[in-house]
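Take a look at the structure set out below.
In the numbering used here, the protein residues as written are 12 to 100.
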């Protein structure tokens, strides 16, 4: 396997990971920002107030985006296994 092939596989793998994790990370970021603004305006400094909404939001995101995320991962894995003979030569 050449260096170009390894780098191409690594690049595609990282891109799939970013695409799959992106919606959940953005969701957690938005929820965290909203909770931080709420805490700053009300001067409530409870740590669990920031943690629990993020968990619930990410779980809701998994429910909403889970099927799409799984399809993306399955497609990438199928492409990888289909072209495996090209990588091992």
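The beta-carbon is built from N, C-alpha and C at its ideal position, and this holds for glycine as well.
Nearest CA to the CA of residue i: which residue from the options?
| i | options | result |
| --- | --- | --- |
| residue 83 | 16, 14, 33 | 33 |
| residue 35 | 95, 15, 96, 76 | 76 |
| residue 67 | 41, 78, 95 | 41 |
| residue 23 | 99, 91, 64, 78 | 91 |
Could you spell out where the alpha helix (DSSP H) holding residue i opens and where it closes?
| i | result |
| --- | --- |
| residue 83 | 58–93 |
| residue 31 | 14–53 |
Rounded C-beta distance between residue i and residue j? I'm assuming under 8 Å.
| i | j | result |
| --- | --- | --- |
| residue 27 | residue 87 | 5 Å |
| residue 31 | residue 80 | 5 Å |
Do residue j and residue i count as a contact pair if the criterion is CB distance below 8 Å?
| i | j | result |
| --- | --- | --- |
| residue 43 | residue 61 | yes |
| residue 69 | residue 39 | yes |
Compute the minimum distance between the beta carbon of residue i and the heavy atoms of the ligand MG, and state whether it is under 7 Å.
| i | result |
| --- | --- |
| residue 25 | Of ligands this structure carries none, so the ligand MG is not represented either. |
Kindly confirm or deny that the segment 16–23 and the segment 52–61 touch, where touching means at least three C-beta pairs closer than 8 Å. no
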